[in-house]
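Below: one structure, written as structure tokens.
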Amino acid sequence: MKYNPDGQLYKITTVFSQFTLLNLLYIISCLPIITIGAATAALYEVTIRYADEERGELIVGYVRALRANFMKATGSFLLLGLPMVALLYSSLFWFSSKTILASIFAFVLIVTAIYLFIVLVYCLALIGRYENSFRQTLKNAFLLPIADPIRSLALALIPIAAFFFVVLFPLFKFLLLIFGFSFVIYCSSFLLLSIFRNQQA
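Residues 114 to 314, numbered by the working numbering, are exactly what the sequence shown covers, in order.
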């Protein structure tokens with residue numbers, strides 16, 4: 114059997130290996146914790162470009178984007194991520210009170226935290242996709258969930274569903290380490306592209 118570099122099997126294995134390496138780079142980039150925002154913005158940049166059929170080098174593009182967007186993405190992660198975590202932690206306290214009023218307040222906190230999570234996703238994706246000032250990027254990120262609430266909710270459900278799969282099925286923990294993060298962000302990229310195109314129309 115002759116080896117065909119243009120064959121479908123070669124293309125599939127090449128893409129799989131690239132996404133696997135990309136996933137590994139992403140995990141390593143996230144280890145300092147504070148770099149999660151920059152790593153995620155870089156991953157959004159290369160996967161959105163790939164989903165948009167612009168292709169390009171996934172690995173080289175990721176490293177380049179990680180350096181280029183580091184300050185903006187880290188600032189966004191701290192500005193939006195810390196309040197989101199604080200809201201979720203506070204909701205646990207109010208739920209533990211076991212009163213109707215406390216439960217309602219806890220529910221409001223959770224909804225607000227989900228909204229901030231969606232805003233953070235938009236913000237990191239916008240940083241990776243467009244050249245804008247930090248202030249304008251934040252403004253756009255806060256307005257997009259209001260402009261397109263249904264698809265914005267779907268955007269939040271993709272990583273949430275992935276999280277529950279990992280918790281419920283141990284095998285998914287292994288898959289997450291191999292290519293899970295890059296695959297989840299890649300799936301989200303198609304939805305983000307449709308939202309961005311709709312807002313530009």
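For glycine and all other residues, C-beta sits at the position ideal for the given N, C-alpha and C.
Ordered list of beta strand (DSSP E) runs contained in the region 212-262, each at least 3 residues: none
Beta-carbon contacts of G241 that lie in its chain and below 7 Å, excluding the five residues immediately before and after: By 1-based counting over the sequence shown, the position of residue 241 is 128. Here the set comprises A154, A155, Y157, E158, I161, A178 and N182.
Own chain residues within Cβ distance below 7 Å of L193, not counting five before or after: Position 80 of the sequence shown, counted from the first residue, corresponds to residue 193. For L193, where only same-chain residues beyond five positions count, the Cβ hits under 7 Å are L229, V232, L233 and C236.
Contacts around Y175, its chain only, beta-carbon distance under 7 Å, and the 5 residues preceding and following it disregarded: For this step, residue 175 is matched to residue 62 along the sequence shown. Only L135, L138, A155, L156 and V159 meet the Cβ criterion.
Residues near V297 in its chain [Cβ-Cβ closer than 7 Å; skip 5 each side]: As a first step, residue 297 must be located in the sequence shown, where it is residue number 184. Result list for V297: I271, P272 and A275, in chain order.
Alpha-carbon to alpha-carbon, A186 and K252: Here residue 252 corresponds to residue number 139 of the sequence shown, with the count starting at 1. Here residue 186 corresponds to residue number 73 of the sequence shown, with the count starting at 1. Going by the C-alpha atoms only, they are around 14 Å apart.
Whole-angstrom distance between S307 and L239, CA atom to CA atom: The residue given as residue 239 occupies position 126 in the sequence shown. The residue given as residue 307 occupies position 194 in the sequence shown. Roughly 13 Å between the two C-alpha positions.
Buried/exposed call for T127, threshold 16 Cβ in 10 Å: The residue you call residue 127 lines up with position 14 of the sequence shown. Flag for T127 reads exposed.
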